[in-house]
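Residue numbers (the numbering used here): 855 to 999.
Just so you know, even glycine gets a beta-carbon here, dropped at the ideal spot from N, CA and C.
Bear in mind the structure is a predicted one, so any value in this text is a computation, not a measurement.
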């Protein structure tokens, strides 16, 4: 069975998500980072006023400037000058894959929206957290409902 490649799944992103992903790729490439990480993508998603994630952050009165500062701090901690062309991290590939499943099977959409991939990521993190012993450093998406 053949694997589904990055271009096929990335092509299922809506325009905003697709543009943010490739801005993240250019950012990682410019810094020589080994991988395009979730932080590279998320920083560009948060800079666009038209994304589901921005609307959600605004709804919960999260300080986007603080979020961007924290994400940029994480990006600056990535090792630099590791490669000329970064690969896409397993986390990003998993989010694209799970986002496509959620978009089509759960929401009945034909494209992956930023809110869809984030919802898939949160559900994946929560199900993984429930299947293993809780660790104080584990990352989980929490719902307020």
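Is the distance from the Cβ of residue i to the Cβ of residue j below 8 Å?
i           : j           : result
residue 870 : residue 950 : no
residue 969 : residue 907 : yes
residue 934 : residue 887 : yes
Taking residue i as the reference, give the member of the options with the closest Cα.
i           : options            : result
residue 905 : 952, 945, 966      : 966
residue 901 : 922, 944, 872, 938 : 922
residue 978 : 955, 964, 963      : 955
residue 937 : 876, 878, 882, 943 : 882
Which value, in whole angstroms, describes the spacing of the CA atoms of residue i and residue j?
i           : j           : result
residue 897 : residue 930 : 12 Å
residue 958 : residue 865 : 14 Å
residue 917 : residue 941 : 31 Å
residue 875 : residue 963 : 19 Å
What does a CB cutoff of less than 6 Å around residue i pick up in its chain, not counting 5 residues either side in sequence?
i           : result
residue 867 : 966
So is residue i in contact with chain D if we call contact Cβ pairs under 8 Å?
i           : result
residue 868 : This model lacks chain D altogether, as it is built from one protein chain only.
**Study point:** Completely contained alpha helix (DSSP H) runs for the region 890-956, where each covers 4 or more residues
**Key:** 892-900, 906-913, 918-930, 944-955
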